[in-house]
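One gets this note's numbering by counting positions in the sequence shown from 1 and adding 1414 to each.
Ideal placement from N, C-alpha and C gives every residue a C-beta, glycine not left out.
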Amino acid sequence: MAARVVSPGFHRRVYTVVRTVPEGYVTTYGDVAAAMGSPRVARHVGWALAAMKDEEAPWHRVINAQGRISHRGDTGRATLQRALLEAEGIEFKGDRVDLKRFRWWFGGDRGPNPGS
C-alpha cells in the first residue's frame, strides 16, 4: 500500500496558512508547505490553491520560489494574479517579484525581512 503524500484536510490547512499572508506581500509554495510542517509538498500546495474557490483564501499571494507567477498554461488566471498583486502594491521587474522586498516570512516576529 502506498503512503499518503498529504493527509485529509490538507486543502483546508493550506487555505488557513495562506490567509495569514498580509496584503502587499507574497509567499512561495514551498514557504506555505514549510509553515504547515510539510516542506516537501510545495507542488501539492499549488494543486490545493488551483482547486479552491477564489474567496477561500488570497491565492494570488502565492508564487514560485523564483518570484514568478506559475500559470501552468492558464494565462488568464496568471494575468488576474498579476493584476491583483499590483493592486496591492507588489511591483514586478519583468516577470518577477523581488522576494527580498515583498516576501512574507511565517512565524513569530520574522515579518517581511528576517534579520533586518
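Discussion item. My output table needs one value for residue 1518: the three-state DSSP class, helix, strand or coil.
Written reply: coil
Worksheet item: Under the rule that 16 or more other beta-carbon atoms within 10 Å means buried, what is residue 1432, buried or exposed?
Response: buried
Worksheet item: By how many angstroms is the C-alpha of residue 1434 removed from the C-alpha of residue 1488?
Response: 26 Å
Worksheet item: Which residues in the same chain as residue 1521 place their Cβ atom closer than 8 Å to its Cβ, once the five residues preceding and following it in sequence are excluded?
Response: 1449
Fill in: Rounded straight-line distance, which links the Cα of residue 1511 to that of residue 1461
21 Å
Discussion item. For a test of the three-state rule: what should DSSP assign to residue 1511, helix, strand or coil?
Written reply: strand
Discussion item. What does the Cβ neighbour count give for residue 1503, buried or exposed, with the cut at 16 atoms within 10 Å?
Written reply: exposed
Fill in: Identity of the residues DSSP links to residue 1506 by a beta bridge
1511
Worksheet entry | Member of 1437, 1465 and 1480 whose CA lies at the smallest distance from the CA of residue 1518 | 1437
Practice prompt. Kindly examine the ligand ADP and report whether one of its heavy atoms sits closer than 7 Å to the Cβ of residue 1450.
Written response: The ligand content of the structure shown is nil, which means the ligand ADP is not present either.
Worksheet entry | Expected contact under 8 Å - CB spacing of residue 1369 and residue 1475 to nearest Å | The structure shown does not extend to residue 1369, since the chain is modelled only from 1415 to 1530, so the question has no answer here.
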